[in-house]
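Protein chains: 2
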Amino acid sequence: MSILVVGSVALDTIETPSGFRKDLLGGSATYFSISASFFSPVNLVAVVGRDFSLKYIDLFKKRKIDINGLEIKDGETFRWEAKYNTDLNNVKTISTKLNVFSDFKPNIPDNYILSDYVFLANIDPQLQEFVLEKIKKPKLIASDTMSHWIIEKKKALIKLLKKIDIFFLNETEARLLSEENNLYKAAKSILKFGPKNVIIKKGENGALLFSTNSIFSVPAFLLENVIDPTGAGDTFAGGVIGYLSSSKDKDLKKAILYGTVLASFAVEDFSINRLINIKFFDIQKRLNAFKKIINYGL
Amino acid sequence: MSILVVGSVALDTIETPSGFRKDLLGGSATYFSISASFFSPVNLVAVVGRDFSLKYIDLFKKRKIDINGLEIKDGETFRWEAKYNTDLNNVKTISTKLNVFSDFKPNIPDNYILSDYVFLANIDPQLQEFVLEKIKKPKLIASDTMSHWIIEKKKALIKLLKKIDIFFLNETEARLLSEENNLYKAAKSILKFGPKNVIIKKGENGALLFSTNSIFSVPAFLLENVIDPTGAGDTFAGGVIGYLSSSKDKDLKKAILYGTVLASFAVEDFSINRLINIKFFDIQKRLNAFKKIINYGL
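Chains as they are written, first to last, in the working numbering: chain A, 10 to 307; chain B, 10 to 307.
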């Protein structure tokens, strides 16, 4: 099974209590594809500028990530600069320079049209819809969003949600979209927009899955050393969709456990540095450790 | 098995988005005893003033809560006034009037001396120690604390911890006591002070259990209607200790599930109003619903 992802590839400048790093490989599509590539081949759709490093291109290629859909455009790559506070629970954006990403028009190569799984990362919902229309017969469609689009393009987002199998969003976004403070009510109200499943990401506090008739709640994997939380959410989604694409059982609960484990690796170093230094064996090992922590003897 | 609790009995004035209530029955020992009384007889040690209502006395008595140790003193009962913000995650204390609680010297009646289980709620650690010395052969000793005592009586608190089987505290307190931002490191460092188990309460984000060789993480029970979060932590502790006191298996993980369920009822109304209107059958029913939500198919 192949997975198509459309989103951002960025150069991040990040400060956390562990240090300051410039021009790190970042962006939603980056984290998602690195994570999903542990499970299935990934088709990447994004745009970068002429300043993008060849070594990053090479990194994608080495991981079964097809970069036919990675447009290289005149101008600079999308840049995000941010600083995390001491307990890593809050991030302050210092600057966002969209650059070539500002007029991003996703370009879907012919060899992507039969992608089985689709992940529409947090871009303009009209572009998410545009990409979706190009894909012939996707088996599963997942999407993410961000507060900006909930505010600016709510109508388009709600229209898109009717086609979504798994909708990922964080607590703040869930409250904003539903206009409900209580997360249970928020999720129920979002389900009414049409997505089959809603996954609310709670960062270090785990994740909640809501389907029409069931709820599922899972804590995060507790870590002793968190270096940089950037990309945890997209890495989580990459693990979830990756597992679903490669497994026979298509068990969404199990997929969420894999997503949780992948996300736990992502935050143990800056950028994708930890993710590219683990093997599938490490994922299985941590999954087993995680299972012990959440084994309630039921 | 009998459970001794020493702590506060208070009259709370609370404002939440659901309303404003004056002179509600509150205090750590109140929530703990109502919760624990679902499992075992409770011996209550606390102090109230002449303004305390007879109907509350009656309420304790009806629930197998021994009030021999509830001193009634000249003066007014401890009063706390607080206001919760919209998403109920922050509470602002408007006023704290210790009144008769300010020079509280726990009075342990003879019939309490053989209590099997002891819960030392968040009072001065020197008073916690004083109470502990009166109890003959406790089978299990649990305690809680608060930031005030970590700052003002750290040495006494650390001394007490050597004798503690289960130490309950919240995230902020864990960080303050350990001087570690990371919760994993915080818990490991607190374990070094001597308690056999440390339970970090995370409110709507569940709880973490740390023992020397294991970690256990459980989400909270997701609720559609949260009215007043006051007392959730002490109700949780009451469920944990209550279950341990009454069960044969003495399974701390299972006890935490019960504590979680009890706490979920506590926040569904002001004060102890919801707790006193449920039966043990309701607890079992919600526990079963909770088990479905956290059944990862492991």
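The beta-carbon is built from N, C-alpha and C at its ideal position, and this holds for glycine as well. In this text, all values refer to a predicted model and were calculated from it rather than measured experimentally.
Neighbour list for residue i in chain B, Cβ cutoff strictly below 9 Å
i: residue 215 (chain A); result: 214, 215, 226 and 228
i: residue 300 (chain A); result: 305 and 307
Cβ of residue i within 7 Å of any chain D Cβ
i: residue 178 (chain A); result: As a matter of chain content, chain D is missing from the structure shown, whose protein chains are A and B.
Among the options, the one whose alpha carbon lies nearest that of residue i
i: residue 197 (chain A); options: B:29, B:279, B:233 and B:119; result: B:233
i: residue 154 (chain B); options: B:97, B:167, B:91 and B:142; result: B:167
i: residue 267 (chain A); options: A:291, A:283, A:296 and A:93; result: A:296
i: residue 231 (chain B); options: A:183, A:225 and A:202; result: A:225
i: residue 202 (chain B); options: B:272, B:171 and B:77; result: B:171
i: residue 159 (chain B); options: B:112, B:187, B:260 and B:74; result: B:187
i: residue 139 (chain A); options: A:117, A:112 and A:260; result: A:117
i: residue 269 (chain B); options: B:302, B:99 and B:132; result: B:302
i: residue 149 (chain B); options: B:165, B:164 and B:129; result: B:129
i: residue 88 (chain A); options: A:94, A:60, A:175 and A:73; result: A:60
i: residue 169 (chain A); options: A:192, A:277 and A:141; result: A:141
i: residue 119 (chain B); options: B:77, B:101, B:147 and B:157; result: B:77
i: residue 27 (chain B); options: B:147, B:195 and B:237; result: B:237
i: residue 289 (chain B); options: B:248, B:223, B:84 and B:94; result: B:248
i: residue 194 (chain B); options: A:100, A:22 and A:235; result: A:235
i: residue 31 (chain A); options: A:111, A:90 and A:157; result: A:90
i: residue 121 (chain A); options: A:157, A:146, A:283 and A:251; result: A:146
i: residue 304 (chain A); options: B:294, B:265 and B:298; result: B:265
i: residue 94 (chain A); options: A:255, A:287, A:29 and A:283; result: A:29
i: residue 137 (chain A); options: A:165, A:112, A:22 and A:282; result: A:165
Under 8 Å by beta carbon: chain B residues contacting residue i
i: residue 306 (chain A); result: 260, 262 and 263
i: residue 186 (chain A); result: Result: empty, since nearest Cβ-Cβ is about 15 Å, beyond 8 Å.
i: residue 266 (chain A); result: 305
Cross-chain neighbours of residue i in chain A, by beta carbon under 7 Å
i: residue 190 (chain B); result: 95 and 96
Proximity of residue i and residue j at Cβ, strictly below 7 Å
i: residue 124 (chain B); j: residue 13 (chain B); result: yes
i: residue 54 (chain B); j: residue 82 (chain B); result: no
i: residue 62 (chain A); j: residue 37 (chain A); result: no
i: residue 240 (chain A); j: residue 275 (chain A); result: yes
i: residue 114 (chain A); j: residue 134 (chain A); result: no
i: residue 20 (chain A); j: residue 86 (chain A); result: yes
i: residue 71 (chain B); j: residue 24 (chain B); result: no
i: residue 40 (chain A); j: residue 243 (chain A); result: yes
i: residue 127 (chain B); j: residue 144 (chain B); result: yes
i: residue 210 (chain B); j: residue 174 (chain B); result: no
i: residue 84 (chain B); j: residue 58 (chain B); result: yes
Cβ-Cβ separation, residue j to residue i (assumed contact under 8 Å), whole Å
i: residue 11 (chain A); j: residue 46 (chain A); result: With 8 Å as the limit, residue 11 (chain A) and residue 46 (chain A) do not qualify as a contact, their Cβ atoms being about 11 Å apart.
i: residue 69 (chain B); j: residue 42 (chain B); result: 7 Å
i: residue 280 (chain B); j: residue 33 (chain B); result: 4 Å
i: residue 292 (chain B); j: residue 271 (chain B); result: 7 Å
i: residue 207 (chain B); j: residue 219 (chain B); result: 5 Å
i: residue 263 (chain A); j: residue 306 (chain B); result: 7 Å
i: residue 177 (chain A); j: residue 246 (chain A); result: 5 Å
i: residue 75 (chain B); j: residue 52 (chain B); result: 5 Å
i: residue 96 (chain B); j: residue 190 (chain A); result: 5 Å
i: residue 132 (chain A); j: residue 15 (chain A); result: 7 Å
i: residue 221 (chain A); j: residue 200 (chain A); result: 6 Å
Chain-ordered neighbours of residue i on chain B, where CB pairs are closer than 7 Å
i: residue 233 (chain A); result: 191, 193 and 194
Beta-carbon neighbours of residue i, restricted to chain A and to distances below 8 Å
i: residue 114 (chain B); result: The premise fails here: residue 114 (chain B) is roughly 38 Å from chain A at the closest Cβ pair, so nothing lies under 8 Å.
i: residue 211 (chain B); result: 214
Counting beta carbon pairs with one atom in the region 198-215 of chain B and one in the region 201-215 of chain A, are three or more of them shorter than 8 Å?
yes
Do the region 139-158 of chain B and the region 179-192 of chain B make contact, defined as three or more Cβ pairs closer than 8 Å?
yes
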